[in-house]
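*Asks:* Position in the sequence shown (first residue = 1) + 12 = this note's numbering.
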Amino acid sequence: MFELSNAIAHIRSVNLRTEKHGPEEVPCADLKIETKQPNGMLSEFGPQLRDALYWRAPTADGDQGKLDGVDEVSDKPNLRCPEIDTTFALKYEGAGYHITIDHGLNGKSAIKIEDVDVNGMKFEAHEGGTITLVLRAQFEIDDKLAGKLAMLIGREVTITVTPPAESKRLAA
Numbered sequence: 013m014f015e016l017s018n019a020i021a022h023i024r025s026v027n028l029r030t031e032k033h034g035p036e037e038v039p040c041a042d043l044k045i046e047t048k049q050p051n052g053m054l055s056e057f058g059p060q061l062r063d064a065l066y067w068r069a070p071t072a073d074g075d076q077g078k079l080d081g082v083d084e085v086s087d088k089p090n091l092r093c094p095e096i097d098t099t100f101a102l103k104y105e106g107a108g109y110h111i112t113i114d115h116g117l118n119g120k121s122a123i124k125i126e127d128v129d130v131n132g133m134k135f136e137a138h139e140g141g142t143i144t145l146v147l148r149a150q151f152e153i154d155d156k157l158a159g160k161l162a163m164l165i166g167r168e169v170t171i172t173v174t175p176p177a178e179s180k181r182l183a184a
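1) Leaving aside the five residues before and after GLU136 along the sequence, list all residues of the same chain whose C-beta is less than 7 Å from its C-beta, in chain order.
2) Which residue or residues does DSSP assign as beta-bridge partners of ALA101?
3) VAL173 and ILE111 - do their beta-carbons sit closer together than 8 Å?
4) What's the gap between the Cα of ARG92 and the Cα of GLU84?
5) Could you check which residue in ILE20, GLY116, VAL26 has the C-alpha nearest to that of GLY159?
6) In the region 16-69, which residue ranges form an unbroken beta strand (DSSP E) of at least 3 residues, counting only runs that do not cross its ends?
7) Assign GLY166 to one of three DSSP states: helix, strand, or coil.
8) From the DSSP secondary-structure annotation, give me the bridge partner or partners of THR144.
9) Could you tell me which of ALA64, ASP114, PRO175, MET163 sits nearest to PRO94, measuring between CA atoms?
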């Protein structure tokens, strides 16, 4: 199941809208989040996905050339087909997520959002073993939260996306 823990991310947009809940109009928001992650995350969406896109290319000396003191991002850092467009949509939807957005220095200013739907996922595969993941978070909002989120557009934040209990998951 998809999750992020203390990931560096950018808030790309905040879309304020209303949703019908029965006869009532409820204020909601769509939050677009972008983060760079190791390509190992692709295994959370399909067991063959990472292997379909990445491999370790052989080198003349038989080794990729590791640097002392530098951790490898991935054991499969090379794109299999760098000639193709490497932006893909993921068939993933989840409900009941919890999101924490930390944008300050000490965590006291962290924004906590409950009962979030996660969907609209896309990723771009990069040479070197990383992906750029974009996702949409949808949730009910009030005026105070709307203002806080609007001030974060374009900013770098630390984000944690926690999956729901087993009973709240949606089928992909």
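All C-beta atoms in this analysis are idealised placements derived from N, C-alpha and C, irrespective of residue type, glycine included.
*Replies:* Taking the coordinates as given:
1) In the sequence shown, residue 136 corresponds to position 124, counting from 1. Cβ neighbours of GLU136 beyond the five flanking positions: THR98, THR99, ILE143, THR144.
2) Looking up residue 101 in the sequence shown gives position 89. Looking at the DSSP assignment, ALA101 forms a beta bridge with LYS134.
3) Taking the sequence shown and counting its residues from 1, the one referred to as residue 111 is at position 99. Taking the sequence shown and counting its residues from 1, the one referred to as residue 173 is at position 161. Against a cut-off of 8 Å, the Cβ pair of VAL173 and ILE111 comes out as a contact.
4) Position 80 of the sequence shown, counted from the start, is the residue given in the question as residue 92. Position 72 of the sequence shown, counted from the start, is the residue given in the question as residue 84. If you take the alpha carbons of ARG92 and GLU84, they lie about 18 Å apart.
5) On the sequence shown, residue 159 is found 147 positions in, with the first residue counted as 1. The residue from ILE20, GLY116, VAL26 with its alpha-carbon nearest to that of GLY159 is VAL26.
6) You should have 16-33, 36-50.
7) What you label residue 166 is simply residue 154 of the sequence shown in a count that begins at 1. Note: GLY166 maps to coil in three-state DSSP.
8) Along the sequence shown, read from residue 1 onward, the residue named residue 144 stands at position 132. THR144 pairs with LYS48, GLU136.
9) Reading the sequence shown from its first residue, position 82 is the one you call residue 94. It is ALA64.
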